[in-house]
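Rendered as structure tokens:
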């Protein structure tokens with residue numbers, strides 16, 4: 001029993017020594033790297049992600065600034081293009097009028113106001129005496145006659161259109177197929193023309209300016225006959241209703257002609 005006990009004690013001592021040595025054993029460098037490598041790699045990934053995030057935010061900020069700058073430049077270029085397009089249209093209008101209506105055009109003016117009264121038809125232009133505008137100057141567009149200047153200041157001019165009740169214009173059938181007549185404005189958007197009873201006028205005939213009145217150049221389109229009114233037994237003149245050639249509701253630019 002004594003030998004057995006001694007053998008057990010020796011075995012227990014050896015086991016204790018083995019456990020102590022195992023507890024305080026130095027870890028080889030390779031094993032240490034294998035343990036710490038995942039942690040180091042994770043730190044590198046986090047730092048790289050942060051760096052990329054900062055770079056992305058900076059790039060997005062720069063892109064937004066560049067986009068805003070390009071948008072501003074685009075707006076400026078678009079405005080310039082609109083101005084150039086409108087100016088080209090004005091020059092084209094002037095060329096058409098001097099070629100087809102009258103060679104003595106003073107220049108282009110912009111409609112800046114319209115009389116709101118349904119009983120009148122008058123326009124305000126952004127040209128006046130400082131631009132050479134005078135009373136009785138005809139006002140026209142390529143599509144036909146608009147009216148004449150009746151009032152003028154240094155910077156603006158008032159135009160009485162053909163459909164104003166105070167407007168009167170000498171007219172004749174286009175192509176010389178009839179006599180001369182007078183057309184008066186009938187608000188809000190028509191004219192009434194009077195011809196001699198024997199003038200062969202019908203619906204669809206085109207009326208142009210005549211030399212009667214001495215204000216407008218001859219041959220400028222006034223409008224188209226929309227209705228021939230019935231003749232009474234005592235009527236001396238034949239009356240017709242005329243749709244004007246120019247829709248004043250959409251006119252933006254007009255041409256002012258030198259007076260005759």
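In full-length UniProt numbering, the protein residues as written are 1 to 260.
By construction, the Cβ of each residue, glycine as well, lies at the ideal position given by its N, Cα and C atoms.
Endpoints, the beta strand (DSSP E) within which residue i is located
| i | result |
| --- | --- |
| residue 171 | 168 to 173 |
| residue 192 | 190 to 196 |
| residue 199 | Careful: residue 199 lies outside any beta strand (DSSP E) and carries neither H nor E. |
| residue 252 | Premise fails: residue 252 is in no beta strand (DSSP E) and is neither H nor E. |
| residue 244 | 237 to 244 |
| residue 113 | 105 to 114 |
| residue 156 | Counting along the chain, residue 156 falls outside any beta strand (DSSP E), and DSSP gives it neither H nor E. |
| residue 133 | Counting along the chain, residue 133 falls outside any beta strand (DSSP E), and DSSP gives it neither H nor E. |
| residue 226 | 221 to 228 |
| residue 127 | Careful: residue 127 lies outside any beta strand (DSSP E) and carries neither H nor E. |
| residue 177 | Where residue 177 is concerned, there is no enclosing beta strand (DSSP E), given that its DSSP letter is neither H nor E. |
| residue 218 | Where residue 218 is concerned, there is no enclosing beta strand (DSSP E), given that its DSSP letter is neither H nor E. |
Status (buried if at least 16 other CB within 10 Å, exposed otherwise) for residue i
| i | result |
| --- | --- |
| residue 230 | exposed |
| residue 261 | Nothing can be reported for residue 261: it is not among the residues displayed for the chain, which extend from 1 to 260. |
| residue 245 | buried |
| residue 65 | exposed |
| residue 181 | buried |
| residue 257 | buried |
| residue 193 | buried |
| residue 70 | exposed |
| residue 58 | exposed |
| residue 79 | exposed |
| residue 261 | Absent from the model: residue 261. The displayed extent of the chain is 1 to 260, so no value can be given. |
| residue 252 | exposed |
| residue 89 | exposed |
| residue 164 | buried |
| residue 141 | buried |
| residue 123 | buried |
| residue 238 | buried |
| residue 205 | buried |
| residue 132 | exposed |
Residues sharing a beta bridge with residue i, DSSP
| i | result |
| --- | --- |
| residue 138 | 148 |
| residue 185 | 191 |
| residue 256 | 107, 139 |
| residue 208 | 172, 221 |
| residue 161 | 147 |
Distance between beta carbons of residue j and residue i, contact taken as under 8 Å
| i | j | result |
| --- | --- | --- |
| residue 225 | residue 144 | The pair is not a contact, with the Cβ atoms about 14 Å apart (cut-off 8 Å). |
| residue 125 | residue 254 | 7 Å |
| residue 170 | residue 213 | 4 Å |
| residue 139 | residue 152 | About 12 Å; that fails the 8 Å criterion. |
| residue 172 | residue 196 | The Cβ separation is near 12 Å, so there is no contact. |
| residue 203 | residue 228 | 6 Å |
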